[in-house]
Amino acid sequence: MTAPKLTFQAWQALALEDPAKIADGFFSRYERLTPESRKALFATHPERSAILQKIKAGCAAEKAALGGLPYVLQDMFDIEGLPTRCGAAFKEPFEALLDDSCLLAQTLGNHGAALLAKSVPSEFGWDMKGHNPSFGDCPHARGLRYVCGGGAGASIHAVADGWAPIAFGLDTCGGIRIPAAFHGLFGFRMENNNYARDGVFPLVPSLDAVGWVTADIDDLLSSLEVFYRFPDDATNLNPRGYLLKDSLQGISPESKAGLMQLTRPLDIDDEPAVSKMLAKRFQPASRAFRVIQNRELYSIHQHWVEEYRNYYDPHLLKRIEAGRSYSPAESEEAAIAQQNIRASLIGFFRDYDYLLMPISPLASPEKSEWDRTLEEELLQLNAPLSLSFLPALILPYSCGGGKYNAAQMLVNPRKLQLLPRLLEQLRQSYA
Numbered sequence: 012m013t014a015p016k017l018t019f020q021a022w023q024a025l026a027l028e029d030p031a032k033i034a035d036g037f038f039s040r041y042e043r044l045t046p047e048s049r050k051a052l053f054a055t056h057p058e059r060s061a062i063l064q065k066i067k068a069g070c071a072a073e074k075a076a077l078g079g080l081p082y083v084l085q086d087m088f089d090i091e092g093l094p095t096r097c098g099a100a101f102k103e104p105f106e107a108l109l110d111d112s113c114l115l116a117q118t119l120g121n122h123g124a125a126l127l128a129k130s131v132p133s134e135f136g137w138d139m140k141g142h143n144p145s146f147g148d149c150p151h152a153r154g155l156r157y158v159c160g161g162g163a164g165a166s167i168h169a170v171a172d173g174w175a176p177i178a179f180g181l182d183t184c185g186g187i188r189i190p191a192a193f194h195g196l197f198g199f200r201m202e203n204n205n206y207a208r209d210g211v212f213p214l215v216p217s218l219d220a221v222g223w224v225t226a227d228i229d230d231l232l233s234s235l236e237v238f239y240r241f242p243d244d245a246t247n248l249n250p251r252g253y254l255l256k257d258s259l260q261g262i263s264p265e266s267k268a269g270l271m272q273l274t275r276p277l278d279i280d281d282e283p284a285v286s287k288m289l290a291k292r293f294q295p296a297s298r299a300f301r302v303i304q305n306r307e308l309y310s311i312h313q314h315w316v317e318e319y320r321n322y323y324d325p326h327l328l329k330r331i332e333a334g335r336s337y338s339p340a341e342s343e344e345a346a347i348a349q350q351n352i353r354a355s356l357i358g359f360f361r362d363y364d365y366l367l368m369p370i371s372p373l374a375s376p377e378k379s380e381w382d383r384t385l386e387e388e389l390l391q392l393n394a395p396l397s398l399s400f401l402p403a404l405i406l407p408y409s410c411g412g413g414k415y416n417a418a419q420m421l422v423n424p425r426k427l428q429l430l431p432r433l434l435e436q437l438r439q440s441y442a
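Each number in this note's numbering comes from the position in the sequence shown (counting from 1) with 11 added on.
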């Protein structure tokens, strides 16, 4: 049964009242999981005493924005005293207990947060369905009928199922965005490589980005304030945005209706020429992303493939080996497509503050609905953001029948001070 999704404030009140309830509650639920679910969800966790100590220290710290909050972290990020296994089928290179924590974990600790557990990624975090043949597919919080999605799907599951109020992972091409949409959670994707290099196992090094999710819009703002400084008058600004309507052509009617409802409080422009220009520039995004991804996968895994070939997911192995076969012309074509996408968005942000696009053509898809066409559509919707290095809000909306989808709001990186105002405007949609 899904546990209640408490706000930051409620979690912090519990931590102050009795921090042992948080630690003991985690281990009690953990022990009640089936062996299959436990294996698919959580890679490892600190000892109870270490969790309890971190929670107490966070509560005692002065002006700690995340004081006492437990969080879940995808097992691509290093934590002192724990291994980083990356969801890999072979163990030998990944069993060592590490001496240092990643920069992200250090920053979260400085703000009073306490690591609860590390979540299992899809194998090396690459699969957008959340598939891992060795540990099992990450289950959707509402049941096995639905696709969880994303390389960091288990982190999103942890928030949706009430294990923790916030969870982090890599969003290289939807690793956070896609499962957040399928679960109806708020989130944020940072600029590329911000916190994604120091103590993090790379997926696609030039495109890796950190993302996180919360269950509450106010908690999203609180978490943003940990990483970004906003002026006191930030909510007095009036952002101007654009909805890329060409991106709505392939999405389901209920997803389109939900997205249009979400945008009602916003100042959205409607200039067809802009949509056609961006859609044309975005058209080669999925192909360009695949070329860049596969080439960098090969550069990372080429030596391990020689020794552990039989352990790799065959689909991942196919992508790795494709990475060494591209011609110079194909690589150059991908680079040019990426440059064109970035240039078009630089021009776009001279006139606008944000760009809205859907994340998925379907709301909370069932496993029977997943096919290569859906996977390609997801890649086409999410690759432009990844290739452009931009930050983005993840904004969920209900599509009826207990299903969810979400929009990605690509934000002008020079105007991140607009984020509080945007969330203030959007609050009307979530009232």
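From the three backbone atoms N, C-alpha and C, an ideal C-beta is built for every residue, glycine too.
Since we're looking at a predicted model, the values are computed, not measured.
Proximity below 7 Å, CB of residue i to CB of residue j
| i | j | result |
| --- | --- | --- |
| V302 | E343 | no |
| H312 | I331 | yes |
| L277 | Q428 | no |
| A72 | G123 | yes |
| F241 | P431 | yes |
| A443 | I62 | Since the first residue shown for the chain is 12 and the last is 442, residue 443 is missing from the structure and cannot be characterised. |
| L214 | L181 | yes |
| I66 | A125 | yes |
| A418 | L406 | yes |
| Y221 | Y239 | Note that residue 221 is Val in the sequence shown, not Tyr. No, the pair does not count as a contact, with Cβ atoms beyond the cut-off. |
| A191 | I167 | yes |
| F135 | C184 | no |
| N203 | F400 | yes |
| V158 | W381 | yes |
| N305 | G334 | yes |
| A403 | L421 | yes |
| L218 | S397 | yes |
| A76 | V237 | yes |
| I279 | L254 | yes |
| F19 | S258 | no |
| F146 | K256 | no |
| W223 | F179 | yes |
Identity of the residues DSSP links to residue i by a beta bridge
| i | result |
| --- | --- |
| D280 | Y253 |
| S133 | Answer is none; S133 lacks a bridge partner. |
| A417 | P407 |
| G222 | G180 and R200 |
| T45 | According to DSSP, which records beta bridges pairwise, T45 is partnered with nothing at all. |
| H151 | G154 |
| V237 | BP columns for V237 are empty, so no partner. |
| E91 | L109 |
| E443 | As displayed, the chain neither begins before 12 nor continues past 442, which places residue 443 out of reach and without an answer. |
| E317 | For E317, which the question treats as bridged, DSSP gives no partner whatsoever. |
| Q85 | S130 |
| Y365 | G252 and V422 |
| V211 | F88 |
| A125 | P81 |
| F38 | Bridge partners of F38: none, in fact. |
| E377 | Y157 |
Where residue i falls, given that 16 or more other Cβ within 10 Å makes a residue buried
| i | result |
| --- | --- |
| M271 | exposed |
| N249 | exposed |
| F38 | exposed |
| R156 | exposed |
| P15 | exposed |
| I347 | exposed |
| Q23 | buried |
| D3 | The structure shown has nothing for residue 3, since the chain only spans 12 to 442. |
| R320 | exposed |
| S336 | exposed |
| R188 | buried |
| A284 | exposed |
| P376 | buried |
| A345 | buried |
Residues of its chain near residue i, where Cβ-Cβ distance is below 8 Å and the 5 sequence neighbours each way are ignored
| i | result |
| --- | --- |
| I266 | Before going on, a small fix: residue 266 reads as Ser here, not Ile. The residues are P369, S371, P372, L373, A374, C410 and N416. |
| A442 | none |
| D86 | A54, T55, T95, R96, C97, G98, K129, S130, V131 and P132 |
| V316 | Y323, L328, I331 and E332 |
Sequence-distant residues of its chain with Cβ nearer than 7 Å to residue i (five each side left out)
| i | result |
| --- | --- |
| G210 | F88, D89, D111, S112, C113 and L114 |
| K426 | D364 |
| R292 | N351, I352 and S355 |
| S297 | E387, L390, Q391 and A394 |
| L25 | K32 and I33 |
| A116 | L84, F88, I90 and L126 |
Chain-order list of residues whose beta-carbon lies under 6 Å from that of residue i (same chain, five-residue window excluded)
| i | result |
| --- | --- |
| L231 | F197 and T225 |
| M12 | A caution first: M12 carries a pLDDT of 49, below 50, which makes its placement in the model unreliable, though a value can still be read off. Contacts found: none. |
| K378 | V158 |
| P295 | A348 |
Would you call the region 131 to 146 and the region 163 to 180 in contact, with 3 or more CB pairs under 8 Å?
yes
Is the region 264 to 279 in contact with the region 146 to 155, if contact means three or more CB pairs nearer than 8 Å?
no
Touching by the beta-carbon criterion (3+ pairs, under 8 Å), the region 96 to 105 and the region 187 to 205:
no
Mind the definition here: the region 76 to 87 touches the region 169 to 176 only if three or more C-beta pairs lie below 8 Å; say whether that holds.
yes
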